[in-house]
Amino acid sequence: MSALGHERSTGIDAIFQFTGSGMQLFSGAIFYIIIVRLFTTTAVGAIAFFLAVVGLFSIVFSFGLGSAAQHFISYHIGTKDYHAARWTIYKIISWGFLFAILGTLALVFLSSDVSLIFLHNTQYSGLVRLLSIDLLGNLLFGVLNGSLLGLQNFRVSAVINSVIWGVYYFGAIGMALYLKDLDAVVVGWIFGIFLGVFIESLVVFRTIRHYLTPKKTGGTRTNVIMKYSFPILLSSIIGYGAAYADRFIVTGLLTLSSLGVYNFALLVASSIGFLAVPFNNMLLPKFSYLFALGRKSEIKENVKASSLLLSSVYVPAALGIAALSPEIIFLLGGVNYSGGSVPLAVIMIFSAIFVSQNIFTQAVASVRKTHLFLYASVASLSANIVLSFILIPQFGLLGAAIGFSSVYAANFSVLAYFAMRERVVGLDLIGMLKIWVASAVMFFVVWVISEGIMHFISYNNFFIVLYILIGFAVYSVLARYIKIFSREDHDLVISLFPEKYARLRKLISIIMLH
Numbered sequence: 010m011s012a013l014g015h016e017r018s019t020g021i022d023a024i025f026q027f028t029g030s031g032m033q034l035f036s037g038a039i040f041y042i043i044i045v046r047l048f049t050t051t052a053v054g055a056i057a058f059f060l061a062v063v064g065l066f067s068i069v070f071s072f073g074l075g076s077a078a079q080h081f082i083s084y085h086i087g088t089k090d091y092h093a094a095r096w097t098i099y100k101i102i103s104w105g106f107l108f109a110i111l112g113t114l115a116l117v118f119l120s121s122d123v124s125l126i127f128l129h130n131t132q133y134s135g136l137v138r139l140l141s142i143d144l145l146g147n148l149l150f151g152v153l154n155g156s157l158l159g160l161q162n163f164r165v166s167a168v169i170n171s172v173i174w175g176v177y178y179f180g181a182i183g184m185a186l187y188l189k190d191l192d193a194v195v196v197g198w199i200f201g202i203f204l205g206v207f208i209e210s211l212v213v214f215r216t217i218r219h220y221l222t223p224k225k226t227g228g229t230r231t232n233v234i235m236k237y238s239f240p241i242l243l244s245s246i247i248g249y250g251a252a253y254a255d256r257f258i259v260t261g262l263l264t265l266s267s268l269g270v271y272n273f274a275l276l277v278a279s280s281i282g283f284l285a286v287p288f289n290n291m292l293l294p295k296f297s298y299l300f301a302l303g304r305k306s307e308i309k310e311n312v313k314a315s316s317l318l319l320s321s322v323y324v325p326a327a328l329g330i331a332a333l334s335p336e337i338i339f340l341l342g343g344v345n346y347s348g349g350s351v352p353l354a355v356i357m358i359f360s361a362i363f364v365s366q367n368i369f370t371q372a373v374a375s376v377r378k379t380h381l382f383l384y385a386s387v388a389s390l391s392a393n394i395v396l397s398f399i400l401i402p403q404f405g406l407l408g409a410a411i412g413f414s415s416v417y418a419a420n421f422s423v424l425a426y427f428a429m430r431e432r433v434v435g436l437d438l439i440g441m442l443k444i445w446v447a448s449a450v451m452f453f454v455v456w457v458i459s460e461g462i463m464h465f466i467s468y469n470n471f472f473i474v475l476y477i478l479i480g481f482a483v484y485s486v487l488a489r490y491i492k493i494f495s496r497e498d499h500d501l502v503i504s505l506f507p508e509k510y511a512r513l514r515k516l517i518s519i520i521m522l523h
């Protein structure tokens, strides 16, 4: 039996993680739906810019410490050196606090320049300075959440994330409805994120208070932590550029209107990412635990199983969105954004093909080969820039979508190569093929039915629900017929749920073995 389910109910932890990431997605979606109706397009653009600034500064000044916390804390727990785990947490949080202060000061210092360069006037300088407080909270929350995940407190982390991101976005909505200005939105964000910092601090420090053993060690050395996290920092910065290169090229070669349509398609495409978040959050600590026990071969086993599980959910969902891209774009954005339907479909298909890169990333990080991420991020950036410059002038937004999708392909190829070299990757090719056959048939059926109905009946939101139900039914029937999951896969997944969850185990058996 796989060690993925050691000592705790990994399956229940995963359900909590799905709930947490789903809550963040739901809250963010409601936030945008209300904000676009409450403020002008200029103000909405400023809000989107504020979130982008927090995202960029968080990447730079987090220094990869969240991932370092997940790895090293889990590693020490695996070796049962709890004293080392405790001191490692102290070190990482201390460094995280220092970098958070530096990031906050940097944003305050650059506030006027940031406002002038990107928003074309200095009237937003005060808001950018206020935003620096939100940045401070996000940086602290990130390193504390990484510590919680490293402590294997997946359920607590998920519950806190569900509550905090709900407060973060709905608090901002409430403040905006009451005061009707952008300052209120940022204040709402600040309240939400610092509530999260406060709660996570209590949980982390109460947990490690009991981490006392006769074996007195100083935890992971600072230079080892930095050697692990610094490549993550560099690759994250390069990866950020890789993810945005096509958008900058669209801005230069096409119109701002085209950029708006394309950005909206990317926003819709990113929504499906929540399906991979629980895998990303849980597998690095789990794999690091196995690495600490010297059971590297089991990482390969679990990469194989995790890739199949993720693909069985992600691939049909992505192809379903691709099949319904015109209807989804029309529902969420209206006719003005219809030009984003084909780019959305292309991005969804490519993301489905290479979705296992999420699993490979955690496997490579768990064996302390984070410097390999630099090769992947450089390859991704190069591919996007080259293809975007070649294809956008001729194919417009379709070319941009292909350029963006090349990031998935390049990242997957490089990580797969190095993961195989490190002997921590495995793929169930037969299982993957079955998933793709079932998903492709589902895609074709849904697309034909939706196109046929649209020729005879005017658009109605009800039909999207109908198409989703049809797609789910087709995929389920085909999965039952071709038996995507083997008995071994079934036993592995069932082992992640304790016997007290008998009904849930029975439901999983019905779904997997049919």
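Counting from 10, one number per residue, gives the positions in the sequence shown under the numbering used here.
Glycine included, each C-beta is placed from N, C-alpha and C at the ideal position.
Asked, Found
"Short Cβ contact (8 Å threshold) for residue 254 with residue 459", "no"
"7 Å Cβ shell around residue 27 - same chain, five flanking residues per side excluded", "287"
"Reference residue 290, options 249, 247, 385 and 370, closest by Cα", "370"
"Simplified DSSP state of residue 311, which is helix, strand or coil", "helix"
"Minimum C-alpha distance to residue 408 - residue among 447, 356 and 443", "356"
"Straight-line gap, residue 320 to residue 189 (C-alpha atoms, nearest Å)", "43 Å"
"contact_flag[the region 379 to 388, the region 297 to 309] where n(CB pairs < 8 Å) is 3 or more", "no"
"Per-residue DSSP class, three states only, for residue 230", "coil"
"Alpha helix (DSSP H) runs contained entirely in the region 109 to 174, provided each spans 4 or more residues", "134 to 159"
"C-beta atoms of residue 278 and residue 456 nearer than 8 Å", "no"
"Nonlocal neighbours in the same chain, by C-beta distance under 6 Å from residue 86, ignoring five residues either side", "94"
"Own chain residues within Cβ distance below 6 Å of residue 335, not counting five before or after", "350"
"Residue 401 - containing alpha helix (DSSP H), residue span", "381 to 404"
"Reduced DSSP category for residue 64 - H, G, I as helix; E, B as strand; rest coil", "helix"
"Cβ-based burial, residue 122 [other Cβ within 10 Å; buried from 16]", "exposed"
"Residue 130, buried or exposed, once every other Cβ within 10 Å from all chains shown has been counted against 16", "exposed"
"Three CB pairs or more closer than 8 Å across the region 310 to 324 and the region 95 to 111", "no"
"Opening and closing residue of the alpha helix (DSSP H) in which residue 367 lies", "366 to 375"
"Proximity below 8 Å, CB of residue 263 to CB of residue 401", "yes"
"Contact under 8 Å by Cβ, residue 383 with residue 238", "no"
"Endpoints, the alpha helix (DSSP H) within which residue 489 is located", "471 to 491"
"Buried/exposed call for residue 229, threshold 16 Cβ in 10 Å", "buried"
"Sufficient close CB pairs (3 or more, under 8 Å) joining the region 111 to 118 to the region 66 to 80", "yes"
"Expected contact under 8 Å - CB spacing of residue 297 and residue 161 to nearest Å", "The pair is not a contact, with the Cβ atoms about 10 Å apart (cut-off 8 Å)."
"Beta-carbon proximity check, residue 251 vs residue 393, cutoff 8 Å", "yes"
"Own chain partners of residue 390 with C-beta closer than 6 Å, once the 5 adjacent residues on each side are dropped", "247, 250 and 251"
"Span of the alpha helix (DSSP H), counted from its first residue to its last, around residue 280", "Here residue 280 belongs to no alpha helix (DSSP H), and DSSP marks it neither H nor E."
"Beta-carbon proximity of residue 170 to residue 343, cut-off 8 Å", "no"
"Residue burial classification, residue 97 (beta-carbon count within 10 angstroms, cutoff 16)", "buried"
"Residue of 184, 345 and 326 minimising C-alpha distance to residue 43", "184"
"Element boundaries [alpha helix (DSSP H), containing residue 358]", "350 to 362"
"7 Å Cβ shell around residue 424 - same chain, five flanking residues per side excluded", "366, 369, 370, 373 and 385"
"Simplified DSSP state of residue 88, which is helix, strand or coil", "coil"
"Check whether residue 354 and residue 281 have beta carbons under 8 Å apart", "no"
"Residue 556 classed as buried or exposed, judged by whether at least 16 other C-beta atoms fall within 10 angstroms", "Residue 556 lies beyond the stretch modelled for the chain, which goes from 10 to 523, so this question has no answer here."
"Nearest residue (CA-CA) to residue 241, options 77, 446, 426 and 487", "77"
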